[in-house]
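In my numbering, each residue's number is its place in the sequence shown (first place is 1) plus 68.
Here a beta-carbon is modelled for each residue, glycine too, at the ideal position from N, C-alpha and C.
Everything on this sheet refers to the single structure shown next.
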Amino acid sequence: MRFMTIVKSAEKYGFPPPELLEAVERLRVEAVHAGVMVETGGLAPTATGTSVRLRAGQLSVVDGPFTESKEVVGGYAVFELESQKEALEWTQRFMELHKEHWPAWEGTTEIRQMFVSNDCAEIQGHARLRANG
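As structure tokens, this is what we get:
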């Protein structure tokens, strides 16, 4: 199964400290050698971005920074894993590095299963089961 982890935090924290970047790089190399890391990347600040919105049938384009955002996506990773439990384990390791090397930082890493066309029915079935209890 393919999972994407999405790292979100307030932009006020700025760029990560070098010690964190080095620790995250070691974790990335470990994940690549384990054959589970597909792709990873960080994102530039929202001041350099553009947003395209569709609302009420109209498209609008807004250049960053996006002041309405409390948390922004700062990075992501894509894993090929056996289970969501395994995705959670890798994500917790990643977040522990933040706790150790950037203690003032606060944020969230969301884990989302990715799918291709033949995965749709299975994912929809899981969503219905969760919604119904």
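Within the same chain, no residue comes within 7 Å of Arg198 by CB-CB distance, once the 5 residues on both sides are set aside. Between the region 120-130 and the region 77-92, the count of Cβ pairs shorter than 8 Å is below three; the stretches do not touch.
Contact check for Met72 and Met163: beta-carbon distance about 15 Å, past the 8 Å limit, so the pair fails to qualify. Cα atoms of Arg94 and Gly175: separation of roughly 21 Å, rounded to the nearest angstrom. Assigned with DSSP and collapsed to three states, Phe162 falls in helix. For Phe147, the pairing in a beta bridge is given by DSSP as Phe71 and Met105.
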